[in-house]
Amino acid sequence: MSTYDIAIVGGGPAGLATAMFAGLRGLGAVVYEAEAFGGQLIHLYPTKPVSNFPTQPALPSRELALRLADQAEQFGAELREGRAVEDVTPYEGGFKIRGSLRRDDAKTLVLALGLGRFTPRRLGIDDEDRFVGKGLAYRLPPLEDIRAKRAIVIGGGDTALDTALSLSEVAEVTVVRRRDEFRAFAHTQDRFAEAGIEVVSNGEVVGLRGEEHLESVVVARPDESTVELPADLALVSIGQVPDLSGFARWGLGLSGAKIEVDSAMETNVPGVYAVGDFATYPGKVG
206 MSTYDIAIVG GGPAGLATAM FAGLRGLGAV VYEAEAFGGQ LIHLYPTKPV SNFPTQPALP
266 SRELALRLAD QAEQFGAELR EGRAVEDVTP YEGGFKIRGS LRRDDAKTLV LALGLGRFTP
326 RRLGIDDEDR FVGKGLAYRL PPLEDIRAKR AIVIGGGDTA LDTALSLSEV AEVTVVRRRD
386 EFRAFAHTQD RFAEAGIEVV SNGEVVGLRG EEHLESVVVA RPDESTVELP ADLALVSIGQ
446 VPDLSGFARW GLGLSGAKIE VDSAMETNVP GVYAVGDFAT YPGKVG
């Protein structure tokens, strides 16, 4: 068992940046990440070229995630990849943290959960479970593992367009969106338009068809007609659903699906802070 000044739960950009700044101030930090370091960079679009990170030219998300982790380590942080936090118990002067392999103590706890406590929003249609892993996915697999020739991306936000752009490198892609316009940054929409990817607007996926593997996607139109689109891969990108079950007993102040913090990023529980996408405060944009 070790004792740290700061224990950070979540190894995305916010958590790794917190670890780096802890090192700058001479504080001992440990970062727990249940999966791979990088957060959304790895889980949602690992091959996407990131061009909006300050001082960096466009580089693949996976590479940026590795650089962030390396930088945190250079400032003395201990990184524990693939090590989920199973329980946290407060005591006088800090917190006892029980992980999947060991126990530690920390004076301060920082929650940098990002989308780690979210699960992909499902379509909610018949046969959805049957096709998961058999042509239906909620996150983009590594491009080198994709054998599909005809892919459908369901959604109209930034992640959907980024997914479609990445998939277009290895397959013929069609995007199905429920509205007649996208909800994405202008820069992303410009890149998407230049790629010439086919779009089905005002469409809702209502069915999945196939025998042992996905073969087609059924889309309903506003005039109550349907169209069946051939596909051997369908990527669902229609948002995330929060999972707050692990924090219910903590008594954390919540605003919707996010943790409320003050101007110092501290929650209503003394010694517990929250940063990144999972934290909210008055006036926060996004």
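When the letters of the sequence shown are read in order and numbered with the working numbering, they come out as residues 206 to 491.
Where is the CB? At the ideal position from N, CA and C, for every residue including glycine.
Distances from the CA of residue 484 to each of 463, 474, 469 and 476 were compared; the closest alpha carbon is that of 463. Using a 10 angstroms sphere on the CB of residue 352, the tally of other CB atoms stays under 16, which defines it as exposed.
The three-state secondary structure of residue 273, taken from DSSP, is helix. DSSP places residue 430 in the coil class of the three-state scheme, outside both helix and strand. Comparing alpha carbon positions, the residue from 243, 372, 279 and 291 closest to residue 268 is 243. Per DSSP, residue 371 is one residue of the alpha helix (DSSP H) stretching across 363–372. Contact check for residue 387 and residue 369: beta-carbon distance about 11 Å, past the 8 Å limit, so the pair fails to qualify. Taking the Cα of residue 437 as reference, the smallest distance to any Cα among 384, 455, 415 and 457 is reached at 415.
Here residue 390 is exposed, its C-beta having fewer than 16 other C-beta atoms within 10 Å. With respect to the 9 Å criterion, residue 289 and residue 239 are classified as neighbours on the basis of their beta carbons. Beta bridge pairing from DSSP links residue 463 with 460. Rounded to the nearest angstrom, the gap between the Cα atoms of residue 455 and residue 487 is 22 Å. Residue 284 counts as buried, since no fewer than 16 other beta carbons sit within 10 angstroms of its beta carbon.
Per DSSP, residue 294 lies in no alpha helix (DSSP H) segment; the continuous beta strand (DSSP E) that holds it begins and ends at 290–296. In this structure, the CA atom of residue 331 is about 39 Å from the CA atom of residue 264. Judged by DSSP secondary structure, residue 397 falls within the alpha helix (DSSP H) whose first and last residues are 391–400.
Buried is the label assigned to residue 367, since at least 16 other Cβ atoms lie within 10 Å of its Cβ. When DSSP assignments are scanned along the stretch 309–341, the uninterrupted stretches of beta strand (DSSP E) that are 3 or more residues long and fall wholly within it turn out to be 323–325. Within the same chain, 325 and 441 come within 6 Å of residue 343 by CB-CB distance, once the 5 residues on both sides are set aside. Minimum Cα-Cα distance from residue 411 among the listed residues 468, 234, 425 and 360 corresponds to 425. Residues of the same chain with a CB within less than 7 Å of the CB of residue 340, apart from the 5 flanking positions on each side, are 415, 418, 419, 437, 438 and 439 in chain order. Ranked by Cα distance from residue 361, the first of 262, 277, 407 and 233 is 407. In the displayed model, residue 266 falls within a helix according to three-state DSSP. Here residue 478 really is in contact with residue 316; their C-beta atoms are around 7 Å apart, less than 8 Å. The three-state secondary structure of residue 218, taken from DSSP, is helix. Excluding residues up to 5 positions away in sequence, 301 lie with their Cβ nearer than 6 Å to the Cβ of residue 294 in the same chain. Judged by DSSP secondary structure, residue 413 falls within the beta strand (DSSP E) whose first and last residues are 409–415.
Looking at the DSSP output, residue 377 sits in a beta bridge with 355.
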